[in-house]
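Here's the structure we're looking at; comments come further down.
Number of protein chains: 2
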Amino acid sequence: MYHDVVAQCAQSLGNLLTCLDKAEQHAAAKKFDAAVLMGSRLAPDMQPFTYQVQSACDYVKAAAACLSGQTPPKHEDNERTIDELRSRIRKTVAFAEGVAQPQYAGASERKVRLSWAPGKIIAGKDYLLQMTIPNVYFHIAMAYAILRHNGVDVGKQDYLGPINLVSD
Amino acid sequence: MYHDVVAQCAQSLGNLLTCLDKAEQHAAAKKFDAAVLMGSRLAPDMQPFTYQVQSACDYVKAAAACLSGQTPPKHEDNERTIDELRSRIRKTVAFAEGVAQPQYAGASERKVRLSWAPGKIIAGKDYLLQMTIPNVYFHIAMAYAILRHNGVDVGKQDYLGPINLVSD
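Chains as they are written, first to last, in this note's numbering: chain A, 1 to 168; chain B, 1 to 168.
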């Protein structure tokens, strides 16, 4: 299940690519610089769009790495354009997709260290449930919300992506 | 894992109780009716705060019921006060907590029907990964975002709730 949950997190992160396309189109249609959207926030003391995307990426990357016993690759937070954010998402999704199911063996008992909690660890199962899932979807949803609030024509289906409905 | 994921979704939903307390305190301190926050939206064509809470509740309730082979209890969408939203959250969490781990046996192969997709089904595993998790956290995050955007002093820790960090 660890593999499947992380794979779905990565797929949900990839759904942001559709939102980025729509953000770019919106900026072009309204003749403003898409960088304005990248710097937009829901509150003055809240992080802007670019950070929300970077953070969603980092939680996906960390889950794929830490739960499979790897050190997460370093991704610098230096994106300045929509295209650079696309690349950040794509390299994150590629990294997560590159971790195969057997590599998650024993994930529930892995000890995960968090940079902001020195001397402490969290068990792999708690890390997945309490950190990965809530944080990945929080930051994807905040990125979505910033675009939605700024008039970009994104909808719930863009956020959810494909759903495996089959005929009964 | 089905039990644990739904239990965490229910706990994350319960974390909104802290946000409701802060919303009420903010309205009292600023001397406005808390119902204003309940009707607030991030965009004019987006659902308001009350709906976001109701919807988060419904996805938790549906997951607990459908993945354990039960019909979800009916909860009317008639909340008009913060206190009524608290009750809605509490009865949802109580319902989810009342479903014991063994009741999720066979959850991955259950056929789940969605009201908006007649004649179609989704397998329990896809339902958990593609519908429950993304939707529960989407609506919790939107409720949080609406309060945050309106100046309520909520922070990421309120959203995340307790984390099981232990000494190394």
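Even for Gly, the Cβ is constructed at its ideal location relative to N, Cα and C.
Determine whether the Cβ of residue 110(B) lies closer than 8 Å to any Cβ atom of chain A.
-> Chain A contact via Cβ: absent.
Under 8 Å by Cβ, that's how I've got residue 164(B) and residue 122(A) pegged, so tell me the actual separation to the nearest angstrom.
-> 6 Å
Around the C-beta of residue 92(A), are 16 or more other C-beta atoms found within 10 angstroms, so that it is buried, or is it exposed?
-> buried
If we count the other Cβ atoms within 10 Å of its Cβ and call it buried at 16 or more, is residue 61(A) buried or exposed?
-> buried
Span of the alpha helix (DSSP H), counted from its first residue to its last, around residue 133(B) | Its alpha helix (DSSP H) spans residues 133 to 149.
Using a Cβ-Cβ cut-off of less than 8 Å, give me the residues of the segment 101 to 126 of chain A that come near chain B, in sequence order.
-> 111, 113, 114, 117, 119, 120, 121, 122, 123, 125, 126
Anything in chain B within Cβ reach of residue 46(A), meaning under 8 Å, just list it in chain order.
-> 148
Any idea what DSSP makes of residue 122(B), helix, strand or coil?
-> Note: residue 122(B) maps to strand in three-state DSSP.
Under 8 Å by Cβ, that's how I've got residue 166(A) and residue 67(A) pegged, so tell me the actual separation to the nearest angstrom.
-> The Cβ separation is near 29 Å, so there is no contact.
CB contact flag (residue 147(A), residue 42(A), <8 Å) = no
Hey, is residue 164(B)'s beta-carbon within less than 8 Å of any beta-carbon in chain A?
-> Answer yes: the Cβ-Cβ gap between residue 164(B) and chain A drops below 8 Å somewhere.
Step through the CB atoms of chain B and report whether any lies within less than 8 Å of the CB of residue 138(A).
-> yes
Looking at chain A, which residues of the segment 1 to 15 of chain B have a Cβ within less than 7 Å of any of its Cβ atoms?
-> Listed by position, the residues of the segment 1 to 15 of chain B near chain A (Cβ gap below 7 Å) are 1, 4, 5, 8, 12.
Could one say the Cβ of residue 73(A) lies closer than 8 Å to chain B's Cβ atoms, at least one of them?
-> no
If we ignore side chains and look at the alpha-carbon of each, how far apart do residue 32(B) and residue 26(B) end up?
-> 9 Å
Through-space distance from residue 28(B) to residue 65(A), alpha-carbon basis | Taking the straight line joining both Cα atoms gives about 46 Å.
Between the Cα of residue 51(A) and those of 117(A), 144(A), 152(A), spot the shortest distance and give me the residue it belongs to.
-> 144(A)
Cβ-based burial, residue 12(B) [other Cβ within 10 Å; buried from 16] = buried
Per-residue contacts from residue 64(B) into chain A (C-beta, under 9 Å) = Residues of chain A passing the Cβ test: none, with the nearest at roughly 15 Å.
Counting only runs that start and end within the segment 26 to 94 of chain B, where is the alpha helix (DSSP H) found for 4 or more residues in a row?
-> As far as the segment 26 to 94 of chain B is concerned, its whole alpha helix (DSSP H) runs of at least 4 residues are 35 to 38, 49 to 66.
Of the residues 9(A), 16(A), 4(A), 94(A), which one's Cα is nearest the Cα of residue 49(A)?
-> Check the Cα spacing between residue 49(A) and each of 9(A), 16(A), 4(A), 94(A): the tightest is with 16(A).
Sub-8 Å separation of residue 57(B) and residue 132(B) beta-carbons = With a cutoff of 8 Å on beta-carbon distance, residue 57(B) and residue 132(B) are scored as not near each other.
Name the two residues that bound the continuous alpha helix (DSSP H) containing residue 103(A).
-> Here residue 103(A) belongs to no alpha helix (DSSP H), and DSSP marks it neither H nor E.
Using a C-beta cutoff of 8 Å, does residue 43(B) count as contacting chain A?
-> yes
Under 8 Å between the Cβ atoms of residue 152(B) and residue 23(B)?
-> yes
Opening and closing residue of the alpha helix (DSSP H) in which residue 157(A) lies = 156 to 160
Among the residues of its own chain, which have a CB less than 7 Å from the CB of residue 95(A), if the five just before and after it don't count?
-> 61, 64, 73
Less than 8 Å between the CB atoms is what I'm expecting for residue 79(A) and residue 54(A), so what's the real figure, rounded?
-> 7 Å
If you count every other CB in all the chains shown that lies within 10 Å of the CB of residue 119(B), and 16 or more means buried, which is it?
-> exposed
Near residue 154(A), what residues of its chain come up, given a Cβ to Cβ distance below 7 Å and the 5 sequence neighbours on each side ignored?
-> 19, 22, 144, 147, 148
For residue 138(A) and residue 104(B), believed in contact at Cβ under 8 Å, the rounded distance | Contact doesn't hold; Cβ gap of about 25 Å is too wide.
Taking DSSP as the reference, what is the three-state secondary structure of residue 115(A)?
-> Look at residue 115(A) here: in three-state DSSP terms it is coil, with no helix or strand label.
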